[in-house]
Amino acid sequence: MMAGFLLRRLINYVVLIAVATSLAYLLAAGTLDPRSNYQERNPRPPESVVDARLDDLNLNDKSPLFTRYLTWAAGVVRGDFGETVTGDSVNDDLRRRAGVTLRLMLTGLAVGSVTGVLVGACAAVRQYGVLDRVTTGLSFAVLAIPTVVLANMLVIGATWFNDLVGAKVLLVSGEVTPGLTGGWLARLLDRAQHLVLPTISLSLALAAVYSRYQRNLMLDVLGADFVRTAMAKGLRRRTALVKHALRTAVIPAVTYFAFTFGTLLVGTTFTEKIFGWHGLGEQLIDSIFTNDVNTVAAISCVAAFAVLVAALAADALHAALDPRVRAG
Amino acid sequence: MTLSREELARVSAGAGRLAVPSRGRLVAGRFLRSGQGRSGAALLALVFLLAFAGPLAGRWSHTDKDFLAFLQPPSALHWFGTLQTGADVYAVTLRGLQRSLVVGLLAAVLSTVLAALVGAFAGYFLGWTERTLMWVTDLLLVLPAFLILAVMSPLFSSGQWPLFVAMLALFLWMVTSKIVRGMTISLREREFVQAARFMGVPPVTIIFRHILPNLSSLLVVDATLNVSAAILTETSLSYFGFGIQPPDVSLGTLIADGTRTATYAPWTFWFAAGLLIVTVLAVNLIGDSLRDALDPERPG
Amino acid sequence: MIEPILRVTDLHVSFGAVPAVRGMSYELAAGEVLGIVGESGSGKSVAALAVMGLLPRGARASGSVRLRGTEILGATDKGLAAYRGKTISMVFQDPLSALTPVYRVGDQIAEAVRVHQRTGRGQAARRAVELLDLVGIPEPGRRALAFPHEYSGGMRQRAMIAMAIANDPDVIICDEPTTALDVTVQAQVLEVLKTARGETGAAIVMITHDLGVVAGFADRMLVMYAGRPVETGSVEDVYYRTRMPYTLGLLGSVPRLDRGGRLVPIEGHPPSPGALPPGCAFQPRCPMAVAACGTAEPVLEPVLEPVLEPVPESVGGPRHLAACFRAAEVRSPVRSENAPGEGRARPEPIVLGVDGCGVSRAVDAGGVGVRPESVVLGVDGCGVSRAVDADGVGVRPVPVVLEVDGLTRHYPVTKGTLLRRRVGTVRAVDGVTFDLREGETLGLVGESGCGKTTTLMEILRLVRPAAGRIAVLGRDTARVTAADRMAIRRDLQVVFQDPMASLDPRMTVHDIVAEPLRAHRMGRPGPRVRELLELVGLDPDHAARYPRELSGGQRQRVGIARALALEPRLVVLDEPVSALDVSIQAGVINLLDDLRSRLGLSYLIVAHDLAVVRHIADRVAVMYSGRIAEIGRADRIYAAPAHPYTEALLSAVPVPDPVVERSRRRILLDGDLPGPMGRPSGCRFRGRCPRFAVLGAGERDRCVAEEPEIRWSGGDQGAACHYASF
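If you're matching them up, the sequences are chains A, B and C in order.
For what it's worth, this note's numbering labels the leading residue of the first sequence as 61, then goes sequentially.
For what it's worth, this note's numbering labels the leading residue of the second sequence as 3, then goes sequentially.
For what it's worth, this note's numbering labels the leading residue of the third sequence as 8, then goes sequentially.
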């Protein structure tokens with residue numbers, strides 16, 4: 061029974077990913093125009109050569125869309141997403157980039173959600189206090205700034221700051237300085253210098269969203285009967301709030317994570333592009349510019365997969381935190 | 003559905019009857035009493051005034067180019083300065099603001115209507131209706147919206163911005179519709195809905211007469227917050243060149259152009275970015291205060 | 008005089024500008040039980056929270072609360088924490104939300120131990136198990152490891168009591184500890200509280216709206232109205248020598264198990280705390296009000312006991328105080344009744360008289376001889392003639408309006424959200440058979456989960472049931488067309504429990520009442536709506552209002568008006584008065600009774616409150632675990648229940664009469680209601696059945712092997728018990 065339910069859910073997920081990826085492929089193959097990549101070349105290659113090259117890559121708009129789809133789908137079923145417009149393997153390219161994105165996202169997610177939950181909880185405990193007012197104002201401000209603007213503001217700010225202190229403290233391009241020599245400490249410092257701004261850009265909005273949400277959750281729980289019971293037992297207010305109120309109020313925030321995950325993906329895309337991290341997000345934007353149909357489809361697949369994994373993870377975490385939903 | 007006029011007149015004729023505050027007036031009262039709501043409404047009114055009346059005051063139109071002033075700082079002639087092309091920043095920024103506001107409002111209304119209908123029908127009818135509708139919702143949630151919109155960007159070429167609005171709305175409604183569905187499922191077990199069902203009121207009538215009106219506070223707040231979500235998405239897409247296409251301008255395209263010159267010509271970036279932030283801030287403030295004002299749990 | 012354990016003096020609590028408690032004083036001696044009675048909004052719970060220092064933010068308290076001589080009102084969080092749970096502890100109303108959902112019950116009790124005692128983890132855990140054992144949780148060692156959601160309501164409340172007595176407190180404040188529980192579970196929990204009191208010797212403040220609970224449990228009591236105490240004294244003084252018209256009204260309006268008949272409601276509804284009337288807060292509803300009542304608020308003053316009757320006990324005990332200018336004129340010549348069970352169908356009328364009262368607002372006295380100058384506050388119930396004749400020979404009217412035969416409704420049960428799976432079947436309704444004749448009222452009673460509401464919903468759905476047969480007005484629901492179904496809906500209407508939930512908050516009263524008329528295309532509803540509002544005793548001007556602008560009683564009247572709009576023949580009522588305050592309930596019960604006789608309606612009433620059903624139903628069906636345990640004429644069943652479950656159920660309902668209540672034999676059932684899954688073989692009640700327990704082994708076999716069907720006695724009474732005591 062239990063395995064059956066899990067199996068049905070997993071099958072549904074696989075179907076969702078397949079349909080989403082196919083839709084993305086058909087849309088990309090129908091709108092993007094890889095042929096145009098060759099038209100600006102000088103000298104312009106003869107049409108037969110271009111056709112042959114496009115046929116190799118399964119990107120020729122002269123063959124029917126459905127035929128191309130079948131060829132592509134046959135590859136995907138075998139686990140091969142085809143080749144990029146430059147002829148490299150999409151699989152290899154994405155595998156290399158996935159690590160970069162994962163590092164950036166996990167750091168941003170951890171910093172953003174923890175900060176948000178803590179700030180929101182503290183703000184709720186002293187509702188209308190100084191901290192509450194300041195964080196409310198700040199989160200409103202942050203939520204009004206799109207990531208692209210925020211990232212650019214950070215770049216401008218970093219330039220100004222580096223000029224002020226007369227040293228390159230905050231680095232705004234890439235994940236590491238290429239060709240850096242020195243021990244592991246120097247390399248770690250270099251990574252940290254590169255990581256600060258993208259993390260801020262990614263986690264600030266997340267922290268703002270979470271702090272608002274957690275504040276409301278906490279306010280709902282502050283007057284709850286079980287918090288009153290805890291105090292009636294003789295617990296101090298602060299202990300009762302941390303041990304009973306926050307512990308309970310953090311549960312819905314976990315479910316909320318599944319909803320914010322899509323936003324996080326988009327935020328990562330912009331952050332990578334603007335800070336020059338060579339991750340999936342950067343590739344996503346570049347692939348559209350280079351009419352790279354196979355990469356677009358592959359990234360859609362990865363994104364769909366990631367969203368569903370996030371949903372599953374949120375459910376699993378929810379079950380771990382809340383005995384009421386635990387199966388058993 | 004309300005009292006006919008003569009009945010109302012008869013009913014109100016009852017001497018010494020206390021004036022009954024309508025829900026609308028109550029909400030408006032609470033909303034305007036909160037400083038946050040007041041400042042949000044005032045800010046948004048100012049932004050609208052600027053966007054639609056402001057161009058009348060400027061001496062340049064957004065298509066004009068001043069070939070005597072390239073990349074000039076703000077002056078009496080060009081209030082917000084000029085771009086590299088010689089275009090007047092004041093004129094193009096307000097033009098972009100207009101476009102962003104219209105796109106945001108339309109997309110928000112559209113997506114909220116979609117969310118309400120899908121969620122309410124799925125939640126009320128359950129069974130296959132629900133499974134189908136929620137599967138479509140899940141599919142759209144799983145599709146990377148930004149990528150799809152970006153891929154479709156060639157279709158939004160000049161003059162096709164309504165299509166862009168429709169596509170934007172198509173990717174904004176899913177989370178709300180899931181919330182609406184959940185609330186509909188609990189509303190449908192509420193006694194007043196059951197009472198209507200047992201009276202013989204048809205299901206679609208129940209949805210429009212009982213379910214949706216009782217979700218109106220959620221929907222109003224959601225529509226408000228969707229305005230800012232739509233504006234932010236539009237900006238990001240336009241920033242990378244996937245949204246509003248030239249010769250149309252929006253705040254996003256202006257910000258994208260501005261970042262290139264921001265360090266040495268800050269006026270090309272900050273006016274557009276600032277107006278964008280103010281607009282979204284105002285909308286968010288209104289949404290948040292509306293949520294508080296509509297909260298039936300809250301007294302007075 | 009010995010220093011009291013707890014002394015509350017002139018306590019005031021307000022939320023902003025709205026006063027919730029306006030001057031409350033009481034003393035509590037060691038080991039004493041004080042009952043605090045009041046309707047919702049009277050400030051009784053807020054006052055208790057103020058004593059504990061647990062008021063919500065935004066509340067302001069003033070006055071004095073002395074615990075063993077130490078002032079604790081306004082003490083710091085740290086200072087209060089030292090007393091809370093140690094010297095003074097509290098049991099809250101809703102056991103569902105009072106325990107933290109994410110921690111194990113044992114850990115939560117152990118936490119209470121460890122806050123005040125220097126013990127190790129293991130020792131505290133062992134103490135928690137001991138305490139769970141003390142409050143009667145079976146298998147305490149295993150149960151300590153369970154989470155609150157795995158406990159039933161009664162078990163949660165036991166766990167709360169265990170927590171409250173963990174540190175041997177001097178005072179336990181119980182805030183409506185049994186309100187959310189079923190009546191047999193309430194009896195168990197009250198018993199546990201008595202045990203806890205015996206164990207700790209603590210004094211108890213028992214806050215409740217249930218006059219029956221106070222009558223049986225408290226030594227002294229205090230009646231609150233609109234944030235003020237209006238009468239206080241020994242329980243006997245307040246019940247038998249009442250001096251405050253509000254208390255009198257309350258006692259007259261509360262439905263009683265030991266007598267049927269018409270109730271006397273208190274006019275109007277309680278004032279909202281923000282808009283109190285000038286002078287005495289009760290004056291607008293008071294039949295004895297004189298001009299002086301509207302000018303100043305009376306204070307609690309000692310009552311001069313007239314030497315009318317000998318005072319049985321409590322002589323020299325705590326004083327009897329009342330807050331009424333005319334307290335000296337109020338008479339309540341009510342004596343304690345004989346013990347129940349002697350089957351007196353028509354008890355003597357209660358006549359609460361006032362000497363020299365100028366106001367004559369006598370309610371229908373029903374032929375009872377009352378001096379003309381007296382105000383009659385309680386009346387015998389002979390106003391409405393019933394379809395049953397006087398000497399008890401069942402003559403049931405012929406036309407059958409509702410026939411239910413072998414009705415069954417099962418639900419699948421799933422568990423878990425991440426890994427959802429079906430774990431069994433809820434047999435919510437498992438073969439229910441009854442009929443309802445024209446002009447009759449059938450009360451379907453039982454505890455939560457017994458399937459009574461499911462039965463009702465199955466009837467209202469008008470579709471073919473999973474098994475069995477339903478015929479409404481002679482038409483079988485399995486064979487009706489959509490048009491037929493629409494036609495039946497005209498004749499079959501429903502009134503729901505919670506009047507706030509059953510009225511769309513966004514529609515005006517006019518639209519709400521007009522909705523059925525519009526659904527059935529009945530033309531312009533305007534005049535009919537006015538007529539209906541007048542019929543249910545509402546001002547037609549209320550048509551333009553929204554439900555939230557009405558009081559609870561008014562809302563329920565709107566719900567009744569809506570149900571009557573299409574002139575139905577059969578009205579189904581789901582707990583029609585359980586969401587209402589006692590003083591309001593009586594008015595709605597009387598209205599329903601009047602409407603039935605005026606309009607020739609048939610009622611099917613679902614209720615958990617047996618006393619309410621006693622006042623309105625001709626016939627009663629007692630449900631247990633998805634089946635009917637006993638069915639038949641109300642007066643017979645109440646007088647001589649044949650099924651052991653009915654007997655236990657009736658014995659568990661407290662009676663608002665101290666002498667009666669204390670002399671009653673109470674049958675305590677073991678354990679909780681069985682889960683609707685995993686039902687035992689044979690009789691589903693045998694696991695808790697007191698009769699089964701005393702049967703011989705041979706007799707028991709039949710209960711184990713064979714599910715009892717309803718057997719009928721000579722009169723109109725049937726019971727599903729192999730050993731029914733007709």
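We put the beta carbon where it would ideally sit given N, CA and C, even for glycine.
Since the model is a prediction, treat every value here as computed from it, not as a measurement.
In the DSSP assignment, what residue or residues form a beta bridge with residue i?
i, result
"C/Val297", "Note: C/Val297 sits in no beta bridge, so no partner."
"C/Lys201", "In the DSSP output, where bridge partners are listed per residue, C/Lys201 has none listed."
"C/Leu414", "C/Val439"
"C/Pro309", "C/Leu328"
"C/Trp719", "C/Gly725"
Assuming residue i contacts residue j (C-beta within less than 8 Å), just tell me the rounded distance between them.
i, j, result
"C/Asp664", "C/Ala222", "6 Å"
"C/Val662", "C/Leu200", "Between C/Leu200 and C/Val662 the Cβ distance is about 18 Å, and since that is not below 8 Å, they are no contact."
"C/Ala68", "C/Met31", "Contact doesn't hold; Cβ gap of about 11 Å is too wide."
"C/Phe441", "C/Ile623", "About 17 Å separates the two Cβ atoms, so there is no contact after all."
"B/Val223", "A/Ala204", "No, B/Val223 and A/Ala204 are not in contact; Cβ-Cβ is about 17 Å, not under 8 Å."
"A/Leu324", "A/Met165", "7 Å"
"C/Thr94", "C/Pro176", "6 Å"
"C/Gly453", "C/Val629", "6 Å"
"C/Ala166", "C/Ile179", "Incorrect: roughly 14 Å between the Cβ atoms, too far for contact."
"B/Val91", "B/Gly83", "5 Å"
Taking residue i as part of the alpha helix (DSSP H), name the residues at either end of that continuous run.
i, result
"C/Pro252", "Pro252 to Ser260"
"C/Pro523", "Val516 to Ala526"
"C/Gln124", "Looking at the DSSP string, C/Gln124 is not in any alpha helix (DSSP H), and its letter there is neither H nor E."
"A/Gln253", "Trp244 to Leu282"
"B/Gln38", "Gly37 to Ala59"
"C/Gln164", "Gly160 to Ala171"
"A/Val185", "Val150 to Val185"
"A/Gly341", "Leu340 to Phe349"
"A/Ala371", "Val353 to Leu381"
Within the continuous beta strand (DSSP E) that includes residue i, where are the two ends?
i, result
"C/Leu18", "Leu13 to Phe22"
"C/Leu499", "Leu499 to Val502"
"C/Met97", "Ile95 to Val98"
"C/Glu238", "Arg235 to Ser241"
For the stretch 177 to 207 of chain B, enumerate the residues whose C-beta is nearer than 7 Å to any C-beta of chain C, in chain order.
-> Per Cβ criterion, the list reads Arg192, Glu193, Phe194, Ala197, Ala198, Phe200, Met201, Gly202 and Val203.
Would you mind listing the alpha helix (DSSP H) stretches within the stretch 635 to 699 of chain C that are 4+ residues and don't spill past its ends, in chain order?
-> If we require 4 residues or more, the alpha helix (DSSP H) runs fully inside the stretch 635 to 699 of chain C come out as 641 to 646, 651 to 659 and 665 to 670.
Between the stretch 210 to 232 of chain B and chain C, which residues of the former have CB atoms less than 9 Å from a CB of the latter, in chain order?
-> Answer in chain order: Arg211, His212, Pro215, Asn216 and Ser218.
Chain B contacts made by the stretch 22 to 50 of chain C, where a contact means CB separation under 7 Å = Of all residues in the stretch 22 to 50 of chain C, none has a Cβ within less than 7 Å of some Cβ in chain B.
At which residue ranges does the stretch 567 to 627 of chain C contain complete beta strand (DSSP E) runs of 3 or more residues, listed in the order of the chain?
-> Taking only runs of at least 3 residues, the beta strand (DSSP E) segments lying wholly in the stretch 567 to 627 of chain C are 577 to 581 and 609 to 614.
Residues of the stretch 79 to 93 of chain C with a CB closer than 9 Å to any CB of chain A: list them in chain order, please.
-> Residues of the stretch 79 to 93 of chain C whose Cβ lies closer than 9 Å to any Cβ of chain A, in chain order: Asp84, Lys85, Leu87, Ala88, Ala89, Tyr90, Arg91, Gly92 and Lys93.
Contained beta strand (DSSP E) runs [length at least 3] in the stretch 29 to 86 of chain C, N- to C-terminal order = With a minimum length of 3 residues, the continuous beta strand (DSSP E) runs that stay inside the stretch 29 to 86 of chain C are 40 to 44 and 66 to 74.
Can you give, in chain order, each stretch of the alpha helix (DSSP H) that sits fully within the stretch 98 to 169 of chain B and has at least 4 residues?
-> If we require 4 residues or more, the alpha helix (DSSP H) runs fully inside the stretch 98 to 169 of chain B come out as 129 to 144 and 147 to 153.
Please name the residues in the stretch 306 to 323 of chain A whose beta-carbon is closer than 8 Å to at least one beta-carbon of chain C, in chain order.
-> Cβ proximity to chain C below 8 Å picks out Arg307, Thr308 and Ile311 from the stretch 306 to 323 of chain A.
Identify each residue in the stretch 153 to 185 of chain A for which the Cβ-Cβ distance to at least one residue of chain B is less than 8 Å, and report them in chain order.
-> Look at the stretch 153 to 185 of chain A: it has no residue with a C-beta under 8 Å from a C-beta of chain B.
Could you name the residues of the stretch 215 to 227 of chain A whose beta carbon sits closer than 7 Å to any beta carbon of chain B, in the order they occur along the chain?
-> Within the stretch 215 to 227 of chain A, the residues whose Cβ lies closer than 7 Å to some Cβ of chain B are Ile216 and Thr219, listed in chain order.
Mind listing which residues of the stretch 128 to 144 of chain C have their C-beta closer than 9 Å to chain A's C-betas, in chain order?
-> For the stretch 128 to 144 of chain C, the set of residues with a beta-carbon nearer than 9 Å to any beta-carbon of chain A is empty.
Check distances from the C-beta atoms of the stretch 340 to 366 of chain A to those of chain B and list, in chain order, the residues that come in under 7 Å.
-> Under the 7 Å Cβ criterion, the stretch 340 to 366 of chain A contributes Leu344, Ile345, Ile348, Val356, Ile359, Ser360, Ala363 and Ala364.
Compile a chain-ordered list of the residues in the stretch 282 to 299 of chain B whose CB is closer than 7 Å to at least one CB of chain A.
-> Contact residues of the stretch 282 to 299 of chain B toward chain A are Val282, Leu283, Asn286 and Leu287 (C-beta to C-beta distance below 7 Å).
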